[in-house]
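Structure first, commentary second.
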Amino acid sequence: MKKLVQCRYLFSILLLSAVSACQSQFVTTQNAPTEASLVANSVGNGLETELDIDYVVAFKNLKMAYGQCVAFTGEKDFVFTDNRLERDLEMGTLFTRTEGGAYLSKTLVESIGKNKTRLTLFLPASYKSAQARFKLDAKRALGQDRSCNVAKPS
106 MKKLVQCRYL FSILLLSAVS ACQSQFVTTQ NAPTEASLVA NSVGNGLETE LDIDYVVAFK
166 NLKMAYGQCV AFTGEKDFVF TDNRLERDLE MGTLFTRTEG GAYLSKTLVE SIGKNKTRLT
226 LFLPASYKSA QARFKLDAKR ALGQDRSCNV AKPS
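So our numbering is basically just the index in the sequence shown, starting at one, shifted up by 105.
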């Protein structure tokens, strides 16, 4: 019986460390109560870059990566992602929010031509590693984050 308890304990630790690896960068206290306040008080009024990829593909890559590595349920925190693709406007929006609805980030992908996308990331001004997160999201939009751009088994 003691061996079974030890096995379960070790398995729980391994599972927790594997699941929390991607989410370790997320701190839910750096948030804004509304989308408007997040955008108005964001790092650099939004970090922006242009990518050589179709906006729909970039949106799907980010949606997959956010679902794999950003959304999580922890002992004390809960982060979920919300997204919407608006083909008529040629843009997509992805949000990360807390259980209470506070905004952690907003990501826009907009078509600016054939296979050309503008990526804009809005993070709270207090976000400590905004440039690192921005580079990571650009990589994820391109489908190049090996940890997060993986399809979940069906």
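Glycine is no exception: its CB is placed at the ideal position from the N, C-alpha and C atoms.
Computed from a predicted model, the values in this text were never measured in an experiment.
Item: In this structure, what does DSSP give as the bridge partners for V175?; Value: According to DSSP, V175 bridges with nothing at all.
Item: According to DSSP, is N254 helix, strand or coil?; Value: coil
Item: Would you report the Cα separation of L167 and N254, rounded to the nearest angstrom?; Value: 8 Å
Item: My parser needs the alpha helix (DSSP H) runs of 4 or more residues fully inside the region 207-250; what are they?; Value: 235-246
Item: Could you check what DSSP says for G205 in three-state terms: helix, strand or coil?; Value: coil
Item: Rounded to whole angstroms, what's the CA-CA distance from G205 to Y160? Just pull it up for me.; Value: 30 Å
Item: For G151 versus V144, is the C-beta distance shorter than 9 Å?; Value: yes
Item: Out of S216, G218, K240, which has the shortest C-alpha to C-alpha gap to L226?; Value: K240
Item: Pull up the CB-CB distance for R202 and F185, whole angstroms please, since I reckon it's below 8 Å.; Value: 6 Å
Item: Can you tell which of G149, E140, P138, T139 has the C-alpha that lies nearest to the C-alpha of K233?; Value: G149
Item: Got a sec? Which residues, its chain only, sit under 8 Å from L247 by beta carbon, not counting five neighbours each side?; Value: L156, I158, A163, N166
Item: For the alpha helix (DSSP H) that L143 lies in, which residues bound it at each end?; Value: 140-145
Item: Can A137 and P229 be called in contact, C-beta distance under 9 Å?; Value: yes
Item: What residue range does the beta strand (DSSP E) around R189 cover?; Value: 183-191
Item: Tell me which residue opens and which closes the beta strand (DSSP E) that E337 is part of.; Value: With the chain covering 106 to 259 only, the question about residue 337 has no answer from this structure.
Item: R189: which of E153, S231, K211 sits nearest, CA to CA?; Value: K211
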